[in-house]
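A.B. asks: The listed protein sequences derive, respectively, from chains A and B.
Letter by letter, the first sequence follows residues 4 to 272 of the working numbering.
Letter by letter, the second sequence follows residues 449 to 737 of the working numbering.
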Amino acid sequence: MMIIRRFILYFILIFFALFMLFPIYSMVTTAFKTMPEIVGSRLTPPTQLYLGAFKEAFDSIGRPLLNSVIITLPSALIGTFLGSLTGYVFSKFRFWGSDALFILIVLGMYIPAQAVLLPVVKFSANVGIFNTYLGLILPMIAFSIPSATLFFRNFYMTVPTEMIESARVDGCGIPGIYRRIILPLSGITFAVSVMINFTWIWNGFLWGLVLTQGPAVQPVMVAVNNLHGTYVAMWNVQMAGSLMAALPTLVIYAFFGKYITRGVLAQRK
Amino acid sequence: MDRKTKFFIFLFLLPAVVGLGLYAYYFSGWNLSISMTNARSLIFPAEFIGLGNYGRFLVDPVFITVVKNTAIFTVLFMGGTLLLGLLFAILIDQGIKGERLYKVIILIPMAMPMVISGVLWSWMFSPRMGVINSLLRVLHLDFLTQPWITSTSQALLCVIIAYIWVFTGFVALLYLANIRSLPNEQSESARVDGASKFQLYWRVIIPQLRPATVMAFAVLFLNSLVAFDLVWPLTRGGPAGSSELLGTFMYKQTFQWNFFGYGAAIAQIMFIISVVVMVPYLYRSIRRR
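Following this line, the structure appears as C-alpha cells:
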C-alpha cells in the first residue's frame with residue numbers, strides 16, 4: 004500500500020516536471036537542428052550540433068543583446084541603490100506624512116505599465132530621449148524603486164536601532180551611518196535586489212516595444228519577437244534566438260533562484 | 449529632528465520622489481487627461497470630449513468581448529494555477545528525494561522571459577508542425593490533434609495553458625513555504641487523534657494557508673490584468689479577436705491604430721481596477737507589521 008502510494012506520488016511529480024521542462028527541452032533541441040531535420044521529427048534530439056541557426060539568429064539579435072546589457076545593468080544597479088536609500092529612511096525615521104509617502108512609493112509597483120505608456124512616449128519625444136538608452140533607463144529605474152524600497156525597508160527594520168544610536172553618539176551623521184553601518188550590512192540584500200531588478204528589466208518587452216524604433220537601441224526581447232515575425236517557418240532560428248536571449252535570467256535563477264524567491268517572499272509577507 | 453537630519457532625509461528621498469512622481473503619478477494623471485480627448489496624433493491638439501471614450505465602452509461590442517475574454521482568462525488562469533500550485537505544494541511536502549532540484553525545475557518557467565514563453569508556446573501549439581500535434585501523431589492519437597492557436601474557440605485556452613505553465617511552480621513554492629512555516633503542534637495532535645493524511649491537509653493545514661493564497665492572488669491578478677508580453681507573440685489577440693485581452697486591445701488601439709484617447713481610456717480602466725484591488729492588499733500588508 005505504502006509503496007503504491009509512493010509510486011503514484013513520484014509518477015505525478017515526474018509527469019508535472021516533464022510538463023514544466025518539455026517546452027524548454029523543445030527549445031534547446033530545436034535550436035541545434037537543421038530545418039530538414041525539424042521537418043523529419045520535432046521530438047527527437049538533434050543528431051548533430053548544428054550551429055547555423057545560432058549564427059543566423061545572432062545576426063539579428065546580437066546588437067539588441069548588447070543594448071539590453073547597456074539598459075539593464077545601470078537600471079538595476081541605480082534602482083537598487085535608490086531603493087536602499089529610501090528603504091533606510093522609512094525604516095528608521097518617522098515624520099509628518101511618512102506613512103502616506105511610503106504607501107505612495109510602494110503603490111508604484113501596482114500601476115500597470117499601460118497606464119503611463121502613452122505619456123512616457125510623448126514626454127520622451129518632447130525632451131528628445133525617445134529611442135535612446137536613457138529613454139528606457141529612466142523609467143526602468145523609476146519602476147525599480149517601489150519594490151526595492153519595500154525590500155530594503157523590511158530588511159533595515161531588523162537592524163537594531165541601538166547600533167545606529169551608538170554611532171550617532173560617536174558623531175556620525177545620517178550619510179555616515181548609511182555608509183559605515185547600513186551599507187556594509189546590506190551585501191546580500193543588495194545582491195538579491197539587483198538580481199530581482201535585473202530579471203524583470205531584462206525580461207521586459209512592452210516598454211522596449213513602444214520606446215524604441217529599429218535595432219540601434221532595441222532591447223533583445225523586442226528583437227526576439229521580431230525574429231518570431233520574420234523567420235516564420237524557421238523554428239530553429241527562433242528557438243536559437245530565444246535560447247540566447249533567455250540565458251542570462253535562466254542562469255541567475257538556476258544559481259540564485261532560492262535567494263530570489265526568499266527575497267520575494269520576505270518582501271510581501 | 450535637527451535641521452541637518454531633515455535635510456538628509458529630504459536628500460535621500462528626493463530621487464525616488466522625483467522619479468516616481470514623474471513616471472508613475474504625473475504620467476498617469478496625464479493619461480487620464482488624454483483619455484478625455486479624441487486625440488489621434490502626438491502633435492496636433494485634440495478636442496476635449498469628457499467621458500465620451502468611457503461611454504463608448506458600453507456600446508463597443510469589441511470592447512465588451514475583450515472584457516469577457518479577460519474575465520474568462522482571469523478566472524480560469526487563476527483558478528487553475530492556485531489549485532495546481534496547492535496540489536503540488538502538498539505533494540512536494542510528502543518528503544521527496546531531490547526536493548532542491550525539483551524546486552529549481554518548477555521555477556524555470558517563471559524565470560523565462562514572458563515573450564519567449566509566448567514564442568515557445570506558439571511552437572508547441574502550431575497546428576501543422578507544432579510539437580504537441582507532432583507528439584499526438586507519434587503516439588497514434590491523430591484524432592486528438594487540434595487547430596489550437598489558429599482556432600477561434602481554442603486560442604484563449606492556449607493562452608490560459610501557457611500562463612498556468614508560467615506561474616504554477618511559483619505558486620507551489622509559495623504554498624510550500626507557507627506549509628513549512630506552520631507550527632507543528634496542530635498537525636501533531638491531529639495525527640495523534642488518528643486523522644488521515646487527507647483530513648490533516650483538508651482540516652488543519654489548508655485553512656491556515658491564507659497568507660500564501662492572498663499573496664498568490666495579488667501576483668496572479670495583476671498579471672492577468674496587464675497580460676501582454678506572452679499573448680503578443682502567441683496569438684496577437686487573434687484569430688478574429690478571440691483571445692483579445694485588455695492588455696493587447698489597449699496596445700492595438702493606442703500604438704497600432706492611433707486611437708490615443710480611446711487607448712488611454714482603456715489603460716485608465718486597468719489602472720483603476722489595479723488600484724482598487726491592490727490598495728487594500730498593500731495597506732493590510734504594511735499595517736500588519
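Backbone N, C-alpha and C define an ideal beta-carbon position, used for all residues, glycine too.
Which residue or residues does DSSP assign as beta-bridge partners of B/PHE496?
C.D. replies: Bridge partners of B/PHE496: B/THR485.
A.B. asks: CB-CB under 8 Å to B/ARG651, same chain, minus the five flanking residues each way: which ones, in chain order?
C.D. replies: Excluding residues within five positions, the ones whose Cβ falls inside 8 Å are ALA638, ALA643.
A.B. asks: Below 8 Å CB to CB, which residues in the same chain sit around A/LEU52 once its five sequence neighbours on both sides are set aside?
C.D. replies: Once the five neighbours on either side are set aside, the close Cβ partners of A/LEU52 are PHE35.
A.B. asks: Any C-beta of chain A within less than 9 Å: which residues of the segment 537-553 of chain B qualify?
C.D. replies: So the close ones are LEU539, ILE540, GLN542, ILE544, LYS545, ARG548, TYR550, LYS551, VAL552, ILE553.
A.B. asks: Would the segment 135-150 of chain A and the segment 109-122 of chain A be scored as touching if the rule is three or more Cβ pairs under 8 Å?
C.D. replies: These segments touch.
A.B. asks: Name, please, each residue of chain A whose Cβ falls closer than 8 Å to the Cβ of B/LEU461.
C.D. replies: Those are LEU88, THR89, VAL92, LEU104, listed as they occur along chain A.
A.B. asks: DSSP three-state label for A/GLN51, please.
C.D. replies: Of the three classes helix, strand and coil, the one that applies to A/GLN51 here is coil, per DSSP.
A.B. asks: Among residues of its own chain, excluding the 5 on either side of A/THR202, which ones have a beta-carbon nearer than 7 Å to its beta-carbon?
C.D. replies: Excluding residues within five positions, the ones whose Cβ falls inside 7 Å are THR252, ILE255.
A.B. asks: For the ligand NAD, any of its heavy atoms closer than 8 Å to the Cβ of A/PHE25?
C.D. replies: Looking at this structure, you won't find the ligand NAD or any other ligand, since it has none at all.
A.B. asks: Classify A/ILE7: buried if its beta carbon has 16 or more other beta carbons within 10 angstroms, exposed otherwise.
C.D. replies: By the neighbour-count rule (16 or more Cβ atoms within 10 Å), A/ILE7 is not buried but exposed.
A.B. asks: Going straight from the alpha carbon of B/SER570 to that of B/ILE580, what length do you get?
C.D. replies: One C-alpha to the other measures close to 10 Å.
A.B. asks: Looking only at its own chain, which residues have a Cβ that is under 7 Å from the Cβ of A/MET160, when we skip the five neighbours before and after it?
C.D. replies: Taken in chain order, the residues that qualify are SER94.
A.B. asks: Hey, A/ASN200 and A/SER78 are a contact pair by Cβ (cut 8 Å); roughly how many whole angstroms apart?
C.D. replies: That pair is a contact at about 7 Å.
A.B. asks: Using the C-alpha atoms, what's the distance from B/MET726 back to B/PRO659?
C.D. replies: For B/PRO659 and B/MET726, the distance between alpha carbons rounds to 15 Å.
A.B. asks: Within the same chain, show all residues whose beta-carbon is closer than 6 Å to that of A/SER155, passing over the 5 residues directly before and after it, in chain order.
C.D. replies: The residue you asked about is not Ser; residue 155 of chain A is Phe in the sequence shown. Contacts found: GLY86, SER87, GLY90.
A.B. asks: Output, in chain order, the set of chain B residues within a Cβ distance shorter than 7 Å of A/TRP210.
C.D. replies: Under the 7 Å cutoff, chain B gives no residues; its nearest Cβ is about 10 Å from A/TRP210.
A.B. asks: With three or more C-beta pairs closer than 8 Å as the rule, is the segment 525-543 of chain B touching the segment 614-634 of chain B?
C.D. replies: In short, these stretches touch, since the Cβ pair count reaches three.
A.B. asks: Does A/LYS36 come out as helix, strand or coil in the three-state DSSP assignment?
C.D. replies: Residue state, collapsed to three classes: coil.
A.B. asks: With DSSP collapsed to three states, give me the class of A/ARG271.
C.D. replies: Legend: pLDDT at A/ARG271 = 44, less than 50; position of this residue unreliable, value from coordinates given subsequently. Three-state result, A/ARG271: helix.
A.B. asks: Within 9 Å of any Cβ in chain A, is that where the Cβ of B/ASP677 sits?
C.D. replies: At least one chain A Cβ lies under 9 Å of B/ASP677.
A.B. asks: At a Cβ threshold of 9 Å, is A/ILE49 touching chain B?
C.D. replies: The amino acid at residue 49 of chain A is misidentified as Ile; the sequence shows Pro. For A/PRO49, the answer is no, since every Cβ of chain B falls outside 9 Å of its Cβ.
A.B. asks: If we ignore side chains and look at the alpha-carbon of each, how far apart do A/GLY100 and A/THR164 end up?
C.D. replies: Going by the C-alpha atoms only, they are around 21 Å apart.
A.B. asks: Would you say A/ILE74 lies against chain B (beta-carbon separation less than 9 Å)?
C.D. replies: No, no contact with chain B.
A.B. asks: Give the single residue among A/PHE146, A/ALA56, A/PHE57, A/TYR181 whose Cα lies nearest to the Cα of A/GLY82.
C.D. replies: The candidate whose alpha carbon is nearest that of A/GLY82 is A/PHE146.
A.B. asks: When the cut-off is 9 Å and only beta carbons count, does A/PRO149 lie next to chain B?
C.D. replies: Cβ-Cβ to chain B under 9 Å: yes for A/PRO149.
A.B. asks: When DSSP labels each residue in this structure, what does A/TYR234 get in the three-state scheme?
C.D. replies: Residue state, collapsed to three classes: coil.
A.B. asks: Is the Cβ-Cβ distance between A/ALA275 and B/PRO561 less than 9 Å?
C.D. replies: The question about residue 275 of chain A has no answer, for chain A in this structure spans 4 to 272.
A.B. asks: Closer than 9 Å, CB to CB, is A/THR252 near chain B or not?
C.D. replies: With 9 Å as the cut-off, A/THR252 counts as an interface residue toward chain B.
A.B. asks: If you run the structure through DSSP and keep just helix, strand and coil, what is B/GLY477?
C.D. replies: Helix.
A.B. asks: For chain A, find out if any of its Cβ atoms is closer than 9 Å to the Cβ of B/ALA519; answer yes or no.
C.D. replies: B/ALA519 does not count as touching chain A.
A.B. asks: Would A/LYS272 pass as an interface residue toward chain B - the criterion being a Cβ-Cβ separation below 9 Å?
C.D. replies: Caution is warranted here: a pLDDT of 36 is assigned to A/LYS272, below 50, making its placement in the model unreliable, and no coordinate value can be reported.
A.B. asks: Between B/PRO655, B/GLN542, B/LEU604, B/TYR550, which has its C-alpha nearest A/MET5's C-alpha?
C.D. replies: A/MET5 has its Cα closest to that of B/GLN542, out of B/PRO655, B/GLN542, B/LEU604, B/TYR550.
A.B. asks: Of all the options A/PHE22, A/VAL123, A/LYS58, A/VAL197, which has the alpha carbon lying nearest to the alpha carbon of A/LEU212?
C.D. replies: Nearest of A/PHE22, A/VAL123, A/LYS58, A/VAL197 to A/LEU212, Cα basis: A/VAL123.
A.B. asks: To the nearest angstrom, report how far apart A/LEU68 and B/ASP641 are at their CA atoms.
C.D. replies: Cα-Cα distance, rounded: 60 Å.
A.B. asks: Let me know the alpha helix (DSSP H) ranges lying completely inside the segment 587-658 of chain B, each 4 residues or longer, listed in chain order.
C.D. replies: Runs found: 603-628, 632-640.
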